[in-house]
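For what it's worth, numbering that gives the first Met the number 0 labels the leading residue of the sequence shown as 0, then goes sequentially. Note that beta-carbon positions come from the ideal geometry of N, C-alpha and C, so glycine has one too.
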Amino acid sequence: MHLVVLAGGIGGARFLLGVRSYARERGAEVTAIVNVGDDLSLHGLRICPDLDSVMYTLGDGTDPDRGWGRRDETWTVKAELAAYGAGPEWFGLGDRDLATHLVRSTMLGAGHRLSAVTEALCARWQPGVRLLPATDDPVETHVVVEEGTIHFQQWWLRHRAALPTQRFVFVGVEQAKPAAGVLDALAAADAVLIAPSNPVVSIAPILAVPGLRDAVTGGPAPVVGLSPIIGGAPVRGMADRCLAAVGVPCTAAGVGDLYGARSRGGLLDGWLVDPADSGTAVAGVPVRETPLWMTDERATAEMVRVALEVAGA
Ligand code: GDP
Ligand code: CA
């Protein structure tokens with residue numbers, strides 16, 4: 000069995016822990032197609048926050064309290080940069096983490112594709128899941144606010160997603176192609192799972208890569224999503240602000256409607272919601288209630304089991 004998961008950073012990483020655990024018991028293969036819209040360049044380095052969150056989490060190298068970055072991190076370089084007046088002070092660039100960005104940037108500079116670079120970094124971390132960027136081409140989420148357009152990271156971290164927001168733009172996406180391996184993985188999938196990731200800035204930029212959405216919805220594999228919203232609130236983070244910016248209610252039904260039924264030109268063959276959202280209905284989509292708090296791997300693996308049951312896979 001081959002499972003393909005569309006994933007953002009922290010929510011995606013936690014979900015993938017459960018997918019990996021489920022897959023190990025059954026000898027299934029897992030490919031994660033990860034958002035690159037959060038990527039940015041700082042001090043000449045290419046940084047891929049979502050790929051790194053997933054890689055560090057699955058490689059048991061992440062800081063368990065922050066949920067991102069490296070365990071036992073130190074911040075000497077950041078302090079030295081600050082002494083030069085060189086920011087940005089709102090981006091957490093840890094010393095250990097920097098080594099990843101140095102290796103990545105050197106390899107990209109030598110002409111390797113991001114998918115190949117990710118594979119090389121994973122040789123160290125052994126995530127147990129194949130990690131693919133959605134695209135090898137540079138795509139960055141920018142946010143249109145009253146004063147102009149800013150990078151997603153600046154909107155999210157510096158302004159805490161609180162600036163009045165007009166829309167999100169995936170800069171570069173029109174020219175982008177699915178990364179090497181993405182279309183093959185989708186063609187070989189027995190099921191596609193949409194992680195309980197941020198629908199607006201993690202899942203949407205993946206699906207915006209030309210050809211990728213069609214490969215998900217046009218393939219034979221059933222597509223089942225899990226709600227990142229429980230009881231009308233994001234479990235963690237500021238997805239409510241992203242949903243508000245695109246005019247979608249911050250509810251399990253709102254996100255289900257945003258994805259839509261595959262039978263009606265949307266994405267989903269099934270939608271999982273938490274029992275707190277009992278009674279959620281999404282036109283044309285079978286909705287299943289099951290606990291969606293990713294408290295540990297076992298609880299998360301159970302969500303995967305239910306998702307695949309709904310998928311009939
Ligand atoms: P990011 O890129 O680091 O923001 O991570 P993702 O986009 O992958 O995931 C963020 C989303 O994960 C948020 O909208 C949260 O609501 C959701 N999330 C985090 N923990 C849980 C959980 O335990 N259960 C569910 N259902 N969603 C969660
Ligand atoms: Ca992210």
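- Counting every other CB atom within 10 Å of its CB across the protein chains shown gives T105 a total below 16, marking it as exposed.
- Taken from the Cβ of D49, at least one heavy atom of ligand 2 lies inside 7 Å.
- Placement of the Cβ of G7 at a distance of less than 7 Å from at least one heavy atom of ligand 2 is found.
- A Cβ-Cβ separation of about 12 Å leaves A238 out of contact with P248 under the 8 Å criterion.
- Under DSSP, T140 forms a beta bridge with F169.
- Rounded to whole angstroms, the separation of the alpha carbons of H141 and G311 is 38 Å.
- The alpha-carbon of I9 is positioned some 27 Å away from that of G218.
- Judged by the Cβ position, D239 fails to qualify as a neighbour of ligand 2 at the 7 Å threshold, every heavy atom of the ligand being at least this far.
- For V223, the pairing in a beta bridge is given by DSSP as L192 and G269.
- Counting every other CB atom within 10 Å of its CB across the protein chains shown gives Q125 a total below 16, marking it as exposed.
- Between the beta-carbon of S196 and that of G11 there is about 5 Å, and that keeps the pair under the 8 Å contact cut.
- With a beta-carbon spacing of about 7 Å, R103 and L120 fall inside the 8 Å limit used to define contacts.
- A distance below 7 Å between beta-carbons, with the five flanking residues on each side excluded, links G180 to the following residues of its chain, in chain order: S114 and L131.
- Around the beta carbon of S40, fewer than 16 other beta carbons lie within 10 angstroms, which makes this residue exposed.
- Residue side-chain check: D37 places its Cβ nearer than 7 Å to a non-hydrogen atom of ligand 1.
- The beta carbon of T75 sits closer than 7 Å to the beta carbons of D94 from its chain, once the five residues preceding and following it are set aside; these are given in chain order.
- Fewer than three pairs of CB atoms, one per stretch, sit closer than 8 Å, so the stretch 171-180 makes no contact with the stretch 146-153.
- Taking the CA atoms as reference points, E288 sits about 24 Å from A188.
- Counting C-beta pairs with one atom in each stretch, the stretch 27-41 and the stretch 202-212 have three or more that are closer than 8 Å, which means they touch.
- Relative to ligand 2, the beta carbon of S262 is positioned no closer than 7 Å to any heavy atom.
- Taking the Cα positions, D49 is about 8 Å away from D38.
- According to the DSSP secondary-structure assignment, A31 is paired through a beta bridge with V4 and L130.
- Here W155 has no same chain residue with a Cβ atom under 6 Å from its own Cβ, once five neighbours each way along the sequence are excluded.
- For E288, the enclosing beta strand (DSSP E) begins and ends at V286 to E288.
- In terms of Cα proximity to R159, the closest of A6, G66, V272 and C241 is C241.
- When only Cα atoms are considered, G86 and P63 end up about 26 Å apart.
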